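K.L.:
Numbering (our numbering), first residue to last: 86 to 231.
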Amino acid sequence: MKVRIQHRTTYRYDDPALLGPHVIRLRPAPHTRTPLLSYALHVTSELDGFGRHETGTKHGPQVRWQYNPWGSREARITFPAERGITEMDVLVDCVFDIHSINPFDFFVDDDARELPFEYPGTLEKELAPFRAPPSDADKLVKELVA
């Protein structure tokens with residue numbers, strides 16, 4: 086089944102605003118189970134005295150796509166510095182191919198059938214950095230409780 090989702094956010098400013106760079110994180114992660122069939126991001130700004138302008142036009146916002154450390158895409162939006170903006174409109178339009186997913190379609194390892202369980206030796210070593218609290222956490226928690 087194909088599903089289309091549109092998300093729009095509009096910002097209106099009482100006085101013309103000079104906007105710095107924005108990072109927009111409205112693109113689905115590439116490593117999800119649901120295939121993304123199409124995606125479009127449209128950013129439109131109303132420039133004081135210049136009218137409406139879309140991304141990619143001379144006076145419109147400029148979009149540069151980047152990858153974050155987790156492999157997801159982010160849009161970095163910059164705006165013309167010479168004029169204030171009275172309105173900014175962000176529209177995301179995407180289509181997904183939705184399939185039924187059985188949330189119980191997994192196996193429980195024999196070593197983990199009873200709680201508490203311990204990881205096998207090599208796996209315990211690999212997971213140790215992720216299972217230990219950050220070194221500053223104990224100190225911060227003690228300060229918070231005190």
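For glycine and all other residues, C-beta sits at the position ideal for the given N, C-alpha and C. Computed from a predicted structure; not experimentally measured.
Locate the alpha helix (DSSP H) running through residue 101, then write down its first and last residues.
P.N.:
Run containing residue 101: none in the alpha helix (DSSP H); it sits in the beta strand (DSSP E), 87-102.
K.L.:
Measuring straight from C-alpha to C-alpha, what distance separates residue 106 and residue 134?
P.N.:
Whole-angstrom Cα-Cα distance: 21 Å.
K.L.:
Is it buried or exposed, residue 90, if we count other Cβ atoms within 10 angstroms and call 16 or more buried?
P.N.:
With fewer than 16 Cβ atoms within 10 Å of its Cβ, residue 90 is classed as exposed.
K.L.:
Count Cβ pairs between the stretch 176-184 and the stretch 136-144 that sit closer than 8 Å; are there 3 or more?
P.N.:
Output reads no: the stretch 136-144 does not touch the stretch 176-184.
K.L.:
On the criterion of 16 or more Cβ atoms from any shown chain inside 10 Å, does residue 131 qualify as buried, or is it exposed?
P.N.:
So residue 131 ends up on the buried side.
K.L.:
Relative to the alpha-carbon of residue 148, which residue among 157, 171, 162 has its alpha-carbon at the smallest distance?
P.N.:
The candidate whose alpha carbon is nearest that of residue 148 is 162.
K.L.:
Identify whether residue 119 lies in helix, strand or coil by the three-state DSSP scheme.
P.N.:
The answer is coil: DSSP assigns residue 119 none of H, G, I, E or B.
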